[in-house]
Amino acid sequence: MRVLEVFGICVVALLALLFAIFFRARLFMLGGGTIRLQVRVSTLVPGRGWSTGIGRFHGDELRFYRMFSLAFRPKRILDRGDLVIDERRLPEGPERLTMPGHWIVLRLSTRGDQFDIAMAESTVTGFLSWLEAGPPGPPGSVAPRPAIHPRPIEY
21 MRVLEVFGIC VVALLALLFA IFFRARLFML GGGTIRLQVR VSTLVPGRGW
71 STGIGRFHGD ELRFYRMFSL AFRPKRILDR GDLVIDERRL PEGPERLTMP
121 GHWIVLRLST RGDQFDIAMA ESTVTGFLSW LEAGPPGPPG SVAPRPAIHP
171 RPIEY
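Numbering (my numbering), first residue to last: 21 to 175.
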């Protein structure tokens, strides 16, 4: 009887863990502004090292949360003002086995760091729009708008 109890406790613990992981993902998706994407976290083996996750737009940042994690902190934060797209390509080699065929791989660079992200082709269009929608010039260089005082209405 003890073996069945231990087995039952293990099954319940596993189900609770899976529930917590998927509940966390749903919490991130509640507010909108989220996309499915993959980020390459390791480049030791060519074509491997991709991590599936959720990207959430928060102002001028894209925050990447790993899909199969319990952490509420983002794994990586991409600042719109620092991002530059170096290359756009289709998945090649072993990458074709780990991601859908209609996904696009983007090589991004920031100040001294280079990494790859992958997302659906339709999502790339929205990502590029978000990237280009930032104010011109370096971050924080936008002058404040002058206050508009309405004229009094004369009768």
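Glycine residues also receive a C-beta, built at the ideal position from the N, C-alpha and C atoms. Since the model is a prediction, treat every value here as computed from it, not as a measurement.
Alpha carbons only, please: which of the options is nearest the one belonging to residue i?
{"i": "PHE88", "options": "PRO114, PHE77 and SER71", "result": "SER71"}
{"i": "ASP80", "options": "GLY101, PHE48, PHE42 and ASP133", "result": "GLY101"}
{"i": "ASP133", "options": "ARG116, LEU103, TRP150 and VAL125", "result": "LEU103"}
{"i": "GLU141", "options": "TRP123, SER149 and ARG56", "result": "TRP123"}
{"i": "PRO114", "options": "LEU82, GLU152, GLY69 and ARG83", "result": "GLY69"}
{"i": "GLY52", "options": "ALA153, LEU151 and HIS78", "result": "HIS78"}
So is residue i buried or exposed if we call it buried at 16+ other beta carbons inside 10 Å?
{"i": "ARG109", "result": "exposed"}
{"i": "GLN58", "result": "buried"}
{"i": "ARG83", "result": "buried"}
{"i": "ILE137", "result": "buried"}
{"i": "VAL144", "result": "buried"}
{"i": "LEU126", "result": "buried"}
{"i": "PHE147", "result": "buried"}
{"i": "PRO166", "result": "With a pLDDT of 48 at PRO166, under the threshold of 50, the predicted position of this residue should be treated as unreliable, though the coordinate-derived value follows. PRO166 is exposed by the Cβ-count criterion."}
Residue j and residue i - do their beta-carbons sit closer together than 9 Å?
{"i": "SER129", "j": "ASP106", "result": "yes"}
{"i": "MET139", "j": "ARG56", "result": "yes"}
{"i": "ILE41", "j": "LEU117", "result": "no"}
{"i": "PHE135", "j": "ARG93", "result": "no"}
Please work out which residues of its chain come closer than 7 Å, Cβ to Cβ, to residue i, disregarding the five sequence neighbours upstream and downstream, and give them in chain order.
{"i": "PHE48", "result": "THR54, ILE74, ARG76 and TYR85"}
{"i": "LEU151", "result": "ARG100 and LEU103"}
{"i": "VAL26", "result": "none"}
Whose C-beta lies closer than 8 Å to the C-beta of residue i among residues of the same chain, with five residues either side of it excluded?
{"i": "PRO120", "result": "ALA140"}
{"i": "ARG131", "result": "ASP102"}
Report all residues from its chain with a CB closer than 6 Å to the CB of residue i; omit the five preceding and five following residues, and keep chain order.
{"i": "LEU46", "result": "At residue 46 the sequence reads Arg, which differs from the Leu that was named. Answer for ARG46: no residue qualifies."}
{"i": "SER62", "result": "GLY69"}
Taking the runs of the beta strand (DSSP E) that are 3 residues or longer, which of them lie wholly in the region 77-117? Considered as a whole, the region 77-117 harbours 81-86, 96-99 and 104-109 as its complete beta strand (DSSP E) runs of no fewer than 3 residues, in chain order.
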